[in-house]
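Engineer: Have a look at the structure that comes next, please.
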Amino acid sequence: MVLDVFGSGLRGVLDKIRGAGVVDKNTVKAVVKELQKTLIAADVKIDQVFKISKNIEEKALSEKLPSGINRREHLVKVLYGEIADLMGGEEAHMDVDPARENVIMMVGVQGGGKTTTAAKLAKYFQKRGFKPGLICADKFRPGAYDQLVQLGSEINVPVYGEPGKKDAVKIAKNGLEELRSKKSNLIIVDSEGRHSLDKDLMDEIEKLGKTINPQYTLLVLDSTIGQQAETQARAFKEKCNVNGVILTKLDGSAKGGGAVSACAVAEAPVFFVGVGEKLDNLERFDPKAFVGRLMGFGDVKGLLDKFQEHVELDQAEDSAKRMMAGKFTLVDVYEQLEQMKKMGPLNKIAEMLPFTAKIPKDMMNVQEEKLAKFKPIINSMTQDELENPKLSRAQVERISKGSGTKPEDVRALIQQYNQMRAMFKKVKKDRRFARMFKGGMGEMPGM
Ligand code: GDP
Ligand code: MG
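In our numbering, the protein residues as written are 757 to 1203.
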């Protein structure tokens, strides 16, 4: 299993949160302490451990909770978000396209998994409609060419090499020509690796890179080196324009978490991870999904969905409150319409008010296309216009031009606004309503 140790450590932290009687300052401190142990065991750099600890403590104790979310859930959410950030945050995408030629160069020290990963990548992209080709530009390691030929034949991918020749740059040039003539549109160049980072290796790779000018120079790093990945990533980035990383051997590494976070520190995005020796054992790397999996998908996914829902409800409620007070703008109208669209006609306001029947039918049935037009219209209006949309003909023209819509679309939005305004005015006069809302919406039943 991938990252057994790190994963079970994180799940242990979650158990601690679940088992705590109350979630207060002491609980947060105890949880952070447990997390620190797990991160240090995974070889995460100590200053990163401190930073994440501080962030979690701050957020867990001071952030405002969305309604319907308790401290415990909030702490899990904070933990998840911070660890996902530590692992790189947003997923990085490789921009390759079967409609053009794509060249990828693999670099890294010997034994890291370059050759295996080159073949894994070829297989990965072959499945996605590319026609890969492989070049062996490693003249340092004996048997490098045979190894690549063997792997290439497993997946029916042509392999170019010149066994015995010593000029890697020339080999790569010839290989590109040959594979182009075979109509390969994703050419992967396997370069050589020495036993360690040394100047000769770097010079060699720099030369090779300048000649073949690859779109991607991918650094292949053995994740068992943990936080040392940072030094390697920085060195290769500086010397040969590395613009992505593949971390290998994550299947057997206790220090995988440290390696992943080290790449994030070095600002080297991890595109893929190797999780076994077979050519299928390559996975896209998405920090959020990765952390979600380590923490237990069921637990995290459900919680995040709940969070999202409550944050949206809070926003809807805020704008509903402004509407009740008669102080609403077109932006509020848009938000409400969007909410209605999402939740169906029984949206937040309609649900809790005794006057559902009074909401005009066509207002409830906002169509998707109409809504899609409203957004650019709103974006083309000034703050003044948003707050007080009594528009002259010239203004309507300007807004419709600016938003690429028709003047009648602009007028339709204004009409929605006026309808809503009129409705709320009427509702405010309703005595039953006024009584219910006396203490503010917070006292509404079921809120
Ligand atoms: P290179 O010297 O960088 O080209 O490394 P190789 O591709 O020859 O790989 C070195 C060793 O690591 C081989 O025995 C591979 O099977 C193994 N290896 C590569 N990637 C992985 C991985 O993701 N998981 C495991 N368990 N082994 C791997
Ligand atoms: Mg090799």
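Ideal Cβ positions, reconstructed from N, Cα and C, are used throughout, including at glycine.
For clarity, every value in this text was computed on a predicted model and none was experimentally measured.
If the criterion is Cβ atoms closer than 7 Å, does the pair T967 and V925 meet it?
Structural biologist: Your numbering for residue 967 matches position 211 in the sequence shown. Your numbering for residue 925 matches position 169 in the sequence shown. Contact flag set, yes.
Engineer: For a minimum of 3 consecutive residues, which ranges assigned as the beta strand (DSSP E) are wholly contained in the segment 883-968?
Structural biologist: Taking only runs of at least 3 residues, the beta strand (DSSP E) segments lying wholly in the segment 883-968 are 888-893 and 942-947.
Engineer: Beta carbon of A985, beta carbon of C1019: below 7 Å?
Structural biologist: Numbered from its first residue, the sequence shown carries residue 985 at position 229. Numbered from its first residue, the sequence shown carries residue 1019 at position 263. Contact flag set, yes.
Engineer: Listed by chain order, which residues have C-beta atoms less than 5 Å from any heavy atom of the ligand MG?
Structural biologist: Going along the chain, the residues that qualify are K870 and T871.
Engineer: Got a sec, what are the start and stop residues for the alpha helix (DSSP H) I812 sits in?
Structural biologist: Counting from one through the sequence shown, the residue named residue 812 turns up at place 56. Run containing I812: I802 to S818, per the alpha helix (DSSP H) assignment.
Engineer: Expressed to the nearest angstrom, what Euclidean distance is found between the alpha-carbon atoms of D803 and K810?
Structural biologist: Locating residue 803 in the sequence shown gives position 47, where the first residue counts as 1. Locating residue 810 in the sequence shown gives position 54, where the first residue counts as 1. About 11 Å.
Engineer: Return the CA-CA distance between A878 and E910, expressed in angstroms with no decimal places.
Structural biologist: Position 122 of the sequence shown holds residue 878. Position 154 of the sequence shown holds residue 910. Answer to the nearest angstrom: the Cα atoms are 11 Å apart.
Engineer: What is the DSSP secondary structure of T1138, counted as helix, strand or coil?
Structural biologist: Translated into positions along the sequence shown, residue 1138 becomes position 382. In this structure, T1138 counts as coil in the three-state DSSP scheme.
Engineer: Roughly how many whole angstroms lie between the Cα atoms of K772 and F762?
Structural biologist: Walking along the sequence shown from the start, residue 772 turns up at place 16. Walking along the sequence shown from the start, residue 762 turns up at place 6. Going from the Cα of K772 to the Cα of F762 covers about 16 Å.
Engineer: Could you tell me the boundaries of the alpha helix (DSSP H) in which E838 lies?
Structural biologist: Working through the sequence shown from its first residue, we reach residue 838 at position 82. R827 to L842 is the span of the alpha helix (DSSP H), which, as asked, contains E838.
Engineer: Beta-carbon within less than 7 Å of R1078's beta-carbon, same chain only, minus the 5 sequence neighbours each way: which residues are those?
Structural biologist: Counting from 1 along the sequence shown, the entry for residue 1078 is found at position 322. Closer than 7 Å at the Cβ level, and outside the excluded window around R1078, lie F1084 and D1088.
Engineer: Taking contact to mean 3 or more Cβ pairs, one atom from each stretch, closer than 8 Å, check whether the segment 844-851 and the segment 818-828 are in contact.
Structural biologist: With a cut-off of 8 Å, the segment 818-828 and the segment 844-851 do not count as touching, because too few Cβ pairs lie within range.
Engineer: What distance in whole Å lies between the Cβ atoms of K1011 and G1052, which are believed to be in contact at a cut-off of 8 Å?
Structural biologist: Counting from one through the sequence shown, the residue named residue 1052 turns up at place 296. Counting from one through the sequence shown, the residue named residue 1011 turns up at place 255. Not confirmed; about 21 Å, so no contact.
Engineer: What is the DSSP secondary structure of L1147, counted as helix, strand or coil?
Structural biologist: Residue numbering aside, residue 1147 sits at position 391 when the sequence shown is read from its first letter. Coil.
Engineer: Mind checking whether D946 and D978 have CB atoms under 7 Å apart?
Structural biologist: Numbered from its first residue, the sequence shown carries residue 946 at position 190. Numbered from its first residue, the sequence shown carries residue 978 at position 222. Cβ distance not < 7 Å, so D946 and D978 don't count as in contact.
Engineer: With a floor of 4 residues, list each alpha helix (DSSP H) that falls wholly inside the segment 1026-1095, ordered by position along the chain.
Structural biologist: You should have 1043-1051 and 1053-1080.
Engineer: Residue range of the alpha helix (DSSP H) that D978 falls in?
Structural biologist: The sequence position of residue 978 within the sequence shown is 222, counting from 1. No alpha helix (DSSP H) holds D978; the beta strand (DSSP E) holding it covers Y972 to D978.
Engineer: Any heavy atom of the ligand GDP inside 6 Å of the beta-carbon of G868?
Structural biologist: As a working note, residue 868 is residue 112 in the sequence shown. Yes - the ligand GDP has a heavy atom lying nearer than 6 Å to the Cβ of G868.
Engineer: Please tell me whether L842 and I808 are closer than 7 Å, where the distance is taken between their beta carbons.
Structural biologist: For this step, residue 842 is matched to residue 86 along the sequence shown. For this step, residue 808 is matched to residue 52 along the sequence shown. In this structure, I808 lies closer than 7 Å to L842 by Cβ.
Engineer: Comparing the CB of D956 with every heavy atom of the ligand GDP, is any distance shorter than 6 Å?
Structural biologist: Sequence index remark: in the sequence shown, residue 956 carries index 200 (1-based). No, the ligand GDP has no heavy atom inside 6 Å of this Cβ.
Engineer: Return the first residue and the last residue of the alpha helix (DSSP H) that V865 is part of.
Structural biologist: What you label residue 865 is simply residue 109 of the sequence shown in a count that begins at 1. Premise fails: V865 is in no alpha helix (DSSP H) and is neither H nor E.
Engineer: Could you tell me the alpha carbon to alpha carbon distance between K887 and K938, rounded to whole angstroms?
Structural biologist: Start at 1 with the first residue of the sequence shown, and residue 887 comes out as number 131. Start at 1 with the first residue of the sequence shown, and residue 938 comes out as number 182. When rounded, the distance between both Cα atoms is 9 Å.
Engineer: What does the alpha-carbon distance come out to for the pair A776 and T783?
Structural biologist: What you label residue 776 is simply residue 20 of the sequence shown in a count that begins at 1. What you label residue 783 is simply residue 27 of the sequence shown in a count that begins at 1. In a straight line, the C-alpha of A776 is about 7 Å away from that of T783.
Engineer: Excluding five sequence neighbours on each side, which residues of the same chain lie with their C-beta closer than 6 Å to the C-beta of A1015?
Structural biologist: For this step, residue 1015 is matched to residue 259 along the sequence shown. So the qualifying residues of the chain are S979, G982, A985 and L1003.
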